[in-house]
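A.B. asks: To start, I am sharing the structure in question, which I have written as structure tokens.
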Amino acid sequence: MQTKPFRIGTRGSPLALAQAREARDRLMAAHGLPEEMFEIVVLTTKGDRITDRSLAAIGGKGLFTEELEEKLTSGELDFAVHSAKDMATKLPQGLALTAYLPREDIRDSVIGRTAPKLIELPHGATVGSASLRRQALIRRLRPDINVITFRGSVQTRLRKLEEGQADATLLALAGLKRLGMVEVITDILDPDEFPPAPAQGAIAIESRIDDQQMNELLAAVNDAPTFDAVSCERAFLAALDGSCRTPIAGYAICEGDHLRFFGMILTPDGRQVHTTTIEGHRRDAEALGINAGQAIRAEAGSTFFEDWT
Numbered sequence: 001m002q003t004k005p006f007r008i009g010t011r012g013s014p015l016a017l018a019q020a021r022e023a024r025d026r027l028m029a030a031h032g033l034p035e036e037m038f039e040i041v042v043l044t045t046k047g048d049r050i051t052d053r054s055l056a057a058i059g060g061k062g063l064f065t066e067e068l069e070e071k072l073t074s075g076e077l078d079f080a081v082h083s084a085k086d087m088a089t090k091l092p093q094g095l096a097l098t099a100y101l102p103r104e105d106i107r108d109s110v111i112g113r114t115a116p117k118l119i120e121l122p123h124g125a126t127v128g129s130a131s132l133r134r135q136a137l138i139r140r141l142r143p144d145i146n147v148i149t150f151r152g153s154v155q156t157r158l159r160k161l162e163e164g165q166a167d168a169t170l171l172a173l174a175g176l177k178r179l180g181m182v183e184v185i186t187d188i189l190d191p192d193e194f195p196p197a198p199a200q201g202a203i204a205i206e207s208r209i210d211d212q213q214m215n216e217l218l219a220a221v222n223d224a225p226t227f228d229a230v231s232c233e234r235a236f237l238a239a240l241d242g243s244c245r246t247p248i249a250g251y252a253i254c255e256g257d258h259l260r261f262f263g264m265i266l267t268p269d270g271r272q273v274h275t276t277t278i279e280g281h282r283r284d285a286e287a288l289g290i291n292a293g294q295a296i297r298a299e300a301g302s303t304f305f306e307d308w309t
């Protein structure tokens, strides 16, 4: 029987801490454990320290996870809690995404200062976003809009908006719900027209593959539909070699044993768009994601990514 507290690794942003506490609370409830059996360990990542440049410019995915994964590998952490969309498709040797908590809303939300909806913003308006996917989708919808890079926590981005640095910004609805900040939202975007990032809205728990005791503990809070949907989405991303340098969107929906996936790739200017849809049994979630990625790559042509990366 473990007597030392389980050490949970997380970033220090309000959203990251909310996600770590949700994982802790679910584990407490599942196993009848007291709060003192869990210690939340906060680490600062490279992505947190460098906020004046886009993620693509400083290395893409992994910027919010590297320090956590190093401590996890060394045994200084028992598991780490992440926003699943921040995770690279290839994890360090010996680590795995063992569990996903029940997924929140996958959609993007608009926080408009001069108009509530993107379509209603004045000609030449400025929208702030750090995501290449969001930037490309905004340009697809409104080619006249000036898109600037907004980095930082949810609170930092909202402060920049209040200061007048932009007319609007976009944030994941899931994060605003977890922070209890839905009152700032002025519009919610249709995922078929403005699809989310793969794994958006999901909280991932990462652990060591060989830590059987820990993985059995985590299995109790794993949400199977979320696990299958995100596995499909991450396989799609991996098949496209996707990172923060590539505008890629996609989401899977599980209904009973059935899984339906919709994926999209765009050029950064939003002018070239390719989509794909695939359906099948949930047990084949990863294979479906790979097939969708291969299909959309074949449709787009071998030079689609090379032309602008």
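Residue numbering for the sequence shown follows full-length UniProt numbering, beginning at 1 and increasing consecutively. For glycine and all other residues, C-beta sits at the position ideal for the given N, C-alpha and C.
Pick from 211, 246 and 258: whose alpha carbon is nearest that of residue 224?
C.D. replies: 258
A.B. asks: On a Cα-Cα basis, can you pick out the residue from 218, 210 and 229 that is closest to residue 202?
C.D. replies: 229
A.B. asks: State the DSSP-derived secondary structure class of residue 39, mapped to helix, strand or coil.
C.D. replies: strand
A.B. asks: So residue 221 packs on residue 26, CB below 8 Å; how close in whole Å?
C.D. replies: 4 Å
A.B. asks: What do you reckon, are the CB atoms on residue 140 and residue 271 nearer than 9 Å?
C.D. replies: Yes; because the gap between Cβ atoms is below 9 Å, this pair is in contact.
A.B. asks: Using the DSSP secondary-structure output, state which residues sit across from residue 170 in a beta bridge.
C.D. replies: According to the DSSP secondary-structure assignment, residue 170 is paired through a beta bridge with 110.
A.B. asks: Since residue 279 sits in a beta bridge, which residues does DSSP pair it with?
C.D. replies: Its beta-bridge partners are 260.
A.B. asks: Helix, strand or coil: how does DSSP classify residue 296 here?
C.D. replies: helix
A.B. asks: Cutting at 6 Å between CB atoms, please list the residues of its own chain near residue 216, excluding the five before and the five after it.
C.D. replies: none
A.B. asks: Rounded to the nearest angstrom, what separates residue 302 and residue 98 at their Cα positions?
C.D. replies: 34 Å
A.B. asks: According to DSSP, what are the bridge partners of residue 254?
C.D. replies: According to DSSP, which records beta bridges pairwise, residue 254 is partnered with 259.
A.B. asks: If you follow the alpha helix (DSSP H) that residue 215 is part of, which residue opens it and which one closes it?
C.D. replies: 212 to 219
A.B. asks: Give every residue of the same chain whose Cβ lies closer than 7 Å to the Cβ of residue 147, excluding the five residues on either side of it in the sequence, and list them in chain order.
C.D. replies: 127, 129, 135, 138 and 139
A.B. asks: Can you tell me whether residue 30 is buried or exposed, with buried defined as 16 or more other CB within 10 angstroms of its CB?
C.D. replies: exposed
A.B. asks: Can you look up residue 131 in the DSSP assignment and give me helix, strand or coil?
C.D. replies: Note: residue 131 maps to coil in three-state DSSP.
A.B. asks: Enumerated in chain order, which unbroken segments of the alpha helix (DSSP H) with a length of 4 residues or greater are wholly contained in the stretch 175 to 237?
C.D. replies: 212 to 219
A.B. asks: Roughly how many angstroms separate the alpha carbons of residue 204 and residue 124, rounded to a whole number?
C.D. replies: 38 Å
A.B. asks: Under the rule that 16 or more other beta-carbon atoms within 10 Å means buried, what is residue 24, buried or exposed?
C.D. replies: buried
A.B. asks: Could you pull the DSSP bridge partners for residue 82 from this structure?
C.D. replies: 204
A.B. asks: Do the CB positions of residue 304 and residue 278 come within less than 9 Å of each other?
C.D. replies: no
A.B. asks: Measure the alpha-carbon distance for residue 290 versus residue 212 and round it to whole angstroms.
C.D. replies: 29 Å
A.B. asks: In terms of DSSP beta bridges, what is residue 126 paired with?
C.D. replies: 146
A.B. asks: Leaving out five residues on either side along the sequence, give the residues of the same chain with a beta carbon under 6 Å from the beta carbon of residue 269.
C.D. replies: 139
A.B. asks: State buried or exposed for residue 19, treating a residue as buried only when at least 16 other CB atoms are found within 10 Å of its CB.
C.D. replies: With a threshold of 16 other beta carbon atoms within 10 Å, residue 19 meets it and is buried.
A.B. asks: Could you give the DSSP three-state label for residue 137: helix, strand or coil?
C.D. replies: Collapsing the DSSP output to three states places residue 137 in a helix.
A.B. asks: Would you call the stretch 102 to 119 in contact with the stretch 191 to 199, where contact means no fewer than 3 C-beta pairs closer than 8 Å?
C.D. replies: yes
A.B. asks: Per DSSP, which one or two residues make a beta bridge with residue 7?
C.D. replies: According to DSSP, which records beta bridges pairwise, residue 7 is partnered with 39.
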